[in-house]
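Structure first, then comments.
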Amino acid sequence: MSESLYSNSPYLLILSILGLIVACIFPLMLESKMTIQKTPSSLKKLVAINIVWNLCSIIGILFFNGTTEYGTSNFYFRQLLFAIQAFVWIQVGFVAYQIGELIVFKKRDKIRTLSIALGSFCIIAFSVILCVDPTLITNIEILNHHPFADHPIFGTFAIIYALFVLPVLVSAIYFLLRNALHAIDQSLSQTENYMAGTYGFFVITAFAFDIVIPIASGFKAWTGSFHFLIWHQLMTVMLTIICGQYYTSSTYKNRSALWFLRKLNSKMEDGIFYFDNDGKIEYANQGAVKLLGYSSAESILGKSIRTIFPPNLDIFRELVYNDIPVDINGETHTLKIHFFKARQTLTTVMNIAYFSDISKTQLLQQNIKTLNEQYVEYTHDLVRYQNRLEREANFKVERENLLNTLINNLPFRVWYKNELGVYQKQNQQDLVFQGSLEGSKDEPDRVNALEKNARENGEGGAYTSYIDRNGIEISNDDAIKLAKNGEPVQIFENMYIPIIQERPPYKTLCIMIDVTEQRRLEQERNMLREQKFIHSRLEELGTMCGAFAHDYNNILGSQIGFCQLAQEMLPQDNPAYMFISEALKAALRGKTSLEELLNAIRGNARSATPAIVFSPYMIIEDVVKKIGLTIPPNITIHSEGLDQSLKIRGIVASLDRIISNLANNAIFAMKENGGHLTFALQKCVLESQLVTPYAPPIPAGEYAKIDIIDTGTGMDSGTLERIFAPFFTTKAPGEGLGLGLSSALRLLNDGKAYFTVQTTVGEGTAFNLYWPLETETKED
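Per the numbering used here, the sequence shown starts with residue -16, numbered consecutively.
Here it is as structure tokens:
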């Protein structure tokens, strides 16, 4: 595959060198003409495009002219150079479009950026394909034809030109023509028509010579000397020069000055006319309207200036006429008239007539009349304005009084701070609590984090605070402890509301509502609701237990019988004998528990199991042995050092159930992360009453202290308050009924024993049982 991209013509080389020189010198020439503002960035981009484009063209003509075979190093370097040129010429349309945007178009930065990005991507993609495997392009078939077979580079990059260059140039021409049709200013319309015509000429000429003629001739006349987009390259230099002239024209460069001049003209007392080459008036200021006695400027526009001034005046030469008599509304006035021209662009000239009434009679009369009318109107406006100010002042006072009355009578504390955290307003409730703080500022360590966030970030916040009898804020856990001890605790809902304004920091409104009584009523309601639920569940549970207890009693009787038969049949040295003995022991305890349950249901207190004196270490060892068979492998049990000399009075099955329930709860708390379960038994002598949170006081005396300690998840204060309530459980549905600890508490009370509990969230829980000791002298 061979295809020519750069010509070997010396004339084109000379033109490219001249274009490069012009592109380099043009900015210096342009800067020398600028007196008001700097060259716009779009014009600088157009100059940079010319420099890069002409420089690449010079390199291509010198080193890569003619056809180059695919696969050679010259082919790859030529394709890289051509890709650089392509990156440049796809931006020509957008930069030319930006020149128009400076005065008439709306900016479309996102569309321009997206189109250039897509065009750049297409250039990279086509260049890579042409260098790696050009057959991917030459083999493209459309309607049984291969349009890219002979000239793949020309065809692909002509498509890029058609998609990303030509539409933008056509759009620029269209918008220039459209704005020229809608322009009110004639000079602006002429300038836009001039630019549209220039754009159109360059686009049509370059498109014909670079695209249409090569395709129509089949590239025959350019074999070995074809130069891709050379006309566009040279026309872009001319387009840059025209855009520079367009930018430096008085219509564009002095738009703001022209606007200011017209505003100034409208305020002048002397008359000013703008008229065209036929003498028709295009603009008249208010001074001209007053001088000539017309009702408005519209009544003058379109008239010939010769019908207003004497016809013998030469209005198209720059002259000054003195003492020219002019009839105005039947009166003769003496005018001084200046005629001069103002050039707007290279092609437009504005004719101006400036005149003043030397006699001043008509002007003075009109001014006096106008001033009198304005004075009367100003007097009326002043009266109306004063009345409005008085009404607003009265309304402001009433509104402020109403607001102060409302704030002071609110049943909760309210205070207001400015952006710096200084107290501005306090209601009566807050004055009673804090005293007057208006004009003062809290210490930094006393400012709440939510208040800081509201002031600095504009985000409101609320939280609940607990205040003890000394007015000191305490934690929720401390408040629960104080409430259990009967000490007063106040509960407040605190809200920090930012008053949003333009920028931070913000003013802050603070509200503090006493909800102590409301929380107490809510707590009583919840307790009544929970007690009602517990009583209902207990009633249902009693009915169900009465029905099932008889059946399970028969089942346990069968188990006991079979275990006893197995003991009689097996020798005691058989390993199974020990397991059968343990099963028999468990069945007997179950039977005892069922009998106690039946007696409780029947109300037969006399049939209750009598208390005996026993060593608690045996029960602990028995529980350790039972749970050791089913404990997860990630949990270890420690029960060494149990004091075997201690004796207590109670029901063996009750102590077994208490320790088993506490151990099972500890295992559940450690089943996911594992841990250590520790049992301890030791003598404890209390010299005085022991008072701990969440448990009744323990009288002084000698006790057998049983410790069940785990390293599980622990409990928070809310859970710790309710752990002994029937049917309360933290386990998932189906994993527990919530009766274990409540029954354990009942059994402790039956045995006249006590307990304490210490827990830390994430570290574990320790239950301590205090069972009164029995001495050896007491009878069993």
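Ideal Cβ placement from N, Cα and C applies to all residues, glycine included.
Check	Outcome
Separation of residue 495 from residue 395, as counted between CA atoms	6 Å
Distance between beta carbons of residue 652 and residue 611, contact taken as under 8 Å	With 8 Å as the limit, residue 611 and residue 652 do not qualify as a contact, their Cβ atoms being about 18 Å apart.
Touch test, the segment -1 to 12 against the segment 58 to 70, Cβ-Cβ under 8 Å, three pairs minimum	no
Contact check, residue 316 vs residue 339, beta carbons under 8 Å	no
Local Cβ density within 10 Å of residue 204, reported as buried at 16 or more and exposed below that	Because the pLDDT at residue 204 is just 47, under 50, the model does not fix this residue reliably, and the point stays unresolved.
For residue 654, the three-state DSSP class (helix, strand or coil)	coil
Alpha-carbon spacing of residue 276 relative to residue 76, whole angstroms	53 Å
Proximity of residue 178 and residue 257 at Cβ, strictly below 8 Å	no
Reduced DSSP category for residue 758 - H, G, I as helix; E, B as strand; rest coil	coil
Collapsed DSSP secondary structure at residue 453 in the structure displayed	coil
Contacts around residue 619, its chain only, beta-carbon distance under 6 Å, and the 5 residues preceding and following it disregarded	659
Length of the line joining the Cα atoms of residue 282 and residue 182	39 Å
Extent of the continuous alpha helix (DSSP H) to which residue 492 belongs	No alpha helix (DSSP H) contains residue 492, which is instead part of the beta strand (DSSP E) from 490 to 497.
Within 8 Å, strictly: CB atoms of residue 842 and residue 106	The structure shown has nothing for residue 842, since the chain only spans -16 to 763.
Beta-carbon proximity list for residue 543, same chain, < 8 Å, skipping 5 on both sides	567, 570, 571 and 574
Local conformation of residue 735 per DSSP, three classes	coil
Sequence-distant residues of the same chain with beta carbon closer than 6 Å to residue 473, five excluded per side	450 and 499
Sub-8 Å separation of residue 298 and residue -5 beta-carbons	no
Beta carbon of residue 227 nearer than 8 Å to that of residue 11	no
Three-state secondary structure (DSSP) of residue 98	helix
Separation of residue 682 from residue 751, as counted between CA atoms	15 Å
At least 3 beta-carbon pairs within less than 8 Å: the segment 411 to 419 vs the segment 427 to 435	no
Host alpha helix (DSSP H) of residue 310 (start-end)	Taken as a continuous stretch (DSSP letters only), residue 310 belongs to no alpha helix (DSSP H), being part of the beta strand (DSSP E) at 302 to 311.
Identity of the residues DSSP links to residue 36 by a beta bridge	According to DSSP, residue 36 bridges with nothing at all.
N- and C-terminal bounds of the alpha helix (DSSP H) containing residue 68	56 to 72
Residue 632: first and last residue of the uninterrupted beta strand (DSSP E) it sits in	631 to 633
Residue environment, residue 216, which counts as buried when at least 16 other CB atoms sit within 10 Å	buried
Residue 197, DSSP secondary structure in three states	helix
Residue 378 versus residue 369 - alpha carbon distance	14 Å
Reference residue 655; option with closest CA among 102, 629, 675 and 617	617
Bridge partner(s) assigned by DSSP for residue 335	257 and 323
Expected contact under 8 Å - CB spacing of residue 643 and residue 606 to nearest Å	5 Å
Cut-off 7 Å between Cβ atoms - residues of its own chain near residue 466, not counting five sequence neighbours on either side	472
Simplified DSSP state of residue 179, which is helix, strand or coil	helix
Cβ-based burial, residue 89 [other Cβ within 10 Å; buried from 16]	With a pLDDT of 49 at residue 89, under the threshold of 50, the predicted position of this residue should be treated as unreliable, and no value is reported.
Where residue 639 falls: helix, strand or coil (DSSP)	helix
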